[in-house]
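J.: I'd like to ask you about the structure that follows.
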Amino acid sequence: MKAVALVGGQGTRLRPLTFRTPKPLLPLVNRPLLEFVVERCKRNEISDLVLSTNYLPDLFRVALGDSLFGVEIEYIHELDALGTAGGVKNCEGAVDGTFYVFNGDVLTGLDLVRMLEFHRSKGAAVTLYLTPVEDPRAYGVVPLDDDGRVTAFIEKPSLADAPTNMINGGVYIIEPEILAEIPRDEPYSFERQLFPDLVAGGAPIYGYESDAYWIDIGTPEKYLQAHLDVLTGALQAEIPGEEITPGVWVAGGVEIDEGASVTAPAVIGDGTRVEAGARLEGPVSIGAGCVIGANTSITRSALADGVEIGRSCTIENALIGEASVVEQECTIAELAVVGPGASISEGNELRRGMRVWPDVEVGPSSIQF
Ligand code: GDD
Ligand code: MG
Numbered sequence: 002m003k004a005v006a007l008v009g010g011q012g013t014r015l016r017p018l019t020f021r022t023p024k025p026l027l028p029l030v031n032r033p034l035l036e037f038v039v040e041r042c043k044r045n046e047i048s049d050l051v052l053s054t055n056y057l058p059d060l061f062r063v064a065l066g067d068s069l070f071g072v073e074i075e076y077i078h079e080l081d082a083l084g085t086a087g088g089v090k091n092c093e094g095a096v097d098g099t100f101y102v103f104n105g106d107v108l109t110g111l112d113l114v115r116m117l118e119f120h121r122s123k124g125a126a127v128t129l130y131l132t133p134v135e136d137p138r139a140y141g142v143v144p145l146d147d148d149g150r151v152t153a154f155i156e157k158p159s160l161a162d163a164p165t166n167m168i169n170g171g172v173y174i175i176e177p178e179i180l181a182e183i184p185r186d187e188p189y190s191f192e193r194q195l196f197p198d199l200v201a202g203g204a205p206i207y208g209y210e211s212d213a214y215w216i217d218i219g220t221p222e223k224y225l226q227a228h229l230d231v232l233t234g235a236l237q238a239e240i241p242g243e244e245i246t247p248g249v250w251v252a253g254g255v256e257i258d259e260g261a262s263v264t265a266p267a268v269i270g271d272g273t274r275v276e277a278g279a280r281l282e283g284p285v286s287i288g289a290g291c292v293i294g295a296n297t298s299i300t301r302s303a304l305a306d307g308v309e310i311g312r313s314c315t316i317e318n319a320l321i322g323e324a325s326v327v328e329q330e331c332t333i334a335e336l337a338v339v340g341p342g343a344s345i346s347e348g349n350e351l352r353r354g355m356r357v358w359p360d361v362e363v364g365p366s367s368i369q370f
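Using the numbering used here, the letters of the sequence shown map in sequence onto residues 2 to 370.
See the structure below:
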């Protein structure tokens with residue numbers, strides 16, 4: 002079987018982290034997110050993965066190569082964004098027979114082989130994976146009849162217009178004939194055009210409900226949550242490095258001062274240095290080549306590679322992009338996001354979802370609450 006992964010979006014809700022790195026390549030416990038998707042292929046008898054690219058396309062092949070974990074990877078680029086269905090149509094020549102489609106920013110423990118059995122047992126043209134969420138407003142809401150047939154597809158409704166909390170989990174099984182319903186070389190959406198139209202036309206579209214682990218990492222809150230979920234084992238996945246004590250994974254060349262403490266669950270990348278008196282209180286994910294200054298404390302946060310944090314900082318519930326510098330006595334908290342290459346001088350306090358754009362320099366004590 003083959004799968005097409007949609008990875009062409011700009012990841013605007015995750016700016017500034019996505020200005021230089023497409024969302025599906027952002028690091029998750031120090032691995033590009035798409036590695037988890039390739040692993041899902043391997044677990045579920047998918048031999049070939051086709052990436053439907055648009056935004057920053059060249060970075061995908063650099064990160065993943067032509068095959069990974071025994072899964073062949075092909076890259077198909079669209080010059081102008083074609084939307085979700087248009088992006089898959091553009092990959093028509095690369096698929097044969099029944100195939101899977103994945104949103105490239107979703108992590109899930111779903112059993113795809115069982116979903117395929119369900120698809121075949123129903124004689125479906127399309128099967129959508131459905132997952133329960135508390136608040137369906139950010140997703141495609143999908144009510145079913147008693148036989149599991151989709152009766153409507155409502156993308157990003159208001160609460161009043163959401164008939165159920167079962168939403169489109171961003172994994173589809175599609176019969177190839179359906180591709181004929183999508184126009185070539187023009188923007189076309191699964192969620193706003195194809196699915197509602199197919200349902201209205203009476204096509205056999207089914208929903209496969211599962212309570213397997215599921216997350217869409219498309220916002221800072223969810224992207225951070227995904228780190229915590231992998232570290233705590235809510236989503237089972239390989240964490241890179243050696244597990245030096247239960248729940249603490251450390252890569253090569255890491256230096257942790259004797260006077261520093263690391264509490265599980267935590268992952269620390271290659272060559273990172275943790276200075277005296279620093280406290281890493283899990284869940285935390287620290288990239289490669291970082292420096293964590295003396296007496297700094299970090300909890301519920303994810304730092305990308307090459308981040309330098311000065312002494313006596315507090316980093317809590319924060320995301321810090323690649324190669325940024327945070328000087329001494331700063332607080333970065335409450336889902337603040339520091340973009341790649343930014344530098345935050347001493348004595349700043351970033352809170353309440355503040356975002357610092359790439360390479361921006363914030364002067365000493367400029368931001369306080
Ligand atoms: N090739 C290509 N071209 N890919 C695209 C394009 C495009 O024009 N636009 C978006 N994508 C990719 C994104 O990179 C992402 O991996 C995936 O398609 C979904 O886009 P998002 O922007 O993340 O959509 P969403 O999260 O708001 O909503 C979608 O996912 C939800 C579940 O995670 C919808 O499918 C919802 O119905 C669904 O509930
Ligand atoms: Mg998404």
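Where a beta carbon is used, it is the ideal one built from N, C-alpha and C, also for glycine.
This one's a predicted model, so the numbers in the text were calculated from it and none came from an experiment.
If you compare alpha carbons, which of Ile299, Ala238, Gly348 and Ala343 is closest to Leu34?
T.: Taking the first residue of the sequence shown as 1, we reach residue 34 at position 33. Nearest of Ile299, Ala238, Gly348 and Ala343 to Leu34, Cα basis: Ala238.
J.: Kindly indicate which residue of Thr300, Thr132, Tyr207 and Val134 has the alpha-carbon position closest to the one of Gly149.
T.: If you number the sequence shown from 1, residue 149 lands on position 148. Ranking the options by Cα distance to Gly149, first place goes to Tyr207.
J.: Please report the straight-line C-alpha distance between Gly9 and Asp258, rounded to a whole angstrom.
T.: In the sequence shown, the residue the question calls residue 9 occupies position 8. In the sequence shown, the residue the question calls residue 258 occupies position 257. Their backbone Cα atoms lie some 42 angstroms apart in a straight line.
J.: Run through DSSP, which three-state label would Leu320 get?
T.: Working through the sequence shown from its first residue, we reach residue 320 at position 319. Leu320: strand per DSSP, three-state reduction.
J.: Leaving aside the five residues before and after Asn349 along the sequence, list all residues of the same chain whose C-beta is less than 7 angstroms from its C-beta, in chain order.
T.: Taking the sequence shown and counting its residues from 1, the one referred to as residue 349 is at position 348. So the qualifying residues of the chain are Cys331, Val363, Ser366, Ser367 and Ile368.
J.: Comparing the C-beta of Tyr189 with each C-beta of chain C, is any distance below 9 angstroms?
T.: Here there is only one protein chain, and chain C is not present.
J.: Applying the criterion that 16 or more other CB atoms from any shown protein chain within 10 Å of the CB defines a buried residue, is Ala233 buried or exposed?
T.: Numbered from its first residue, the sequence shown carries residue 233 at position 232. Position check: residue 233 holds Thr in this sequence, whereas Ala was assumed. By the 10 Å Cβ count, Thr233 comes out exposed.
J.: Is Pro266 helix, strand or coil by DSSP?
T.: Walking along the sequence shown from the start, residue 266 turns up at place 265. Here Pro266 sits in coil by DSSP.
J.: So the candidates are Leu351, Leu69, Pro197 and Gln329; which of them puts its Cα closest to the Cα of Thr152?
T.: Counted from its first residue, the sequence shown places residue 152 at position 151. The residue with the shortest Cα to Cα distance from Thr152 is Pro197.
J.: If you check the beta carbons only, do Ala252 and Ile269 fall under 9 angstroms apart?
T.: Position 251 of the sequence shown, counted from the start, is the residue given in the question as residue 252. Position 268 of the sequence shown, counted from the start, is the residue given in the question as residue 269. Yes, the Cβ-Cβ distance between Ala252 and Ile269 is below 9 angstroms.
J.: May I ask which residues mark the beginning and end of the beta strand (DSSP E) holding Tyr224?
T.: Locating residue 224 in the sequence shown gives position 223, counting from the first residue. Looking at the DSSP string, Tyr224 is not in any beta strand (DSSP E); the run it does join, the alpha helix (DSSP H), is Pro221 to Thr233.
J.: How would you write the range of the alpha helix (DSSP H) that Phe196 sits in, first residue to last?
T.: Position 195 of the sequence shown, counted from the first residue, corresponds to residue 196. From DSSP, the alpha helix (DSSP H) with Phe196 extends over Phe196 to Ala201.
J.: Specify the secondary structure class of Thr332 as computed by DSSP and reduced to three states.
T.: Locating residue 332 in the sequence shown gives position 331, counting from the first residue. Of the three classes helix, strand and coil, the one that applies to Thr332 here is strand, per DSSP.
J.: Please confirm whether any heavy atom of the ligand GDD lies closer than 8 angstroms to the CB of Pro25.
T.: Here residue 25 corresponds to residue number 24 of the sequence shown, with the count starting at 1. Checking the Cβ of Pro25 against the ligand GDD gives yes.
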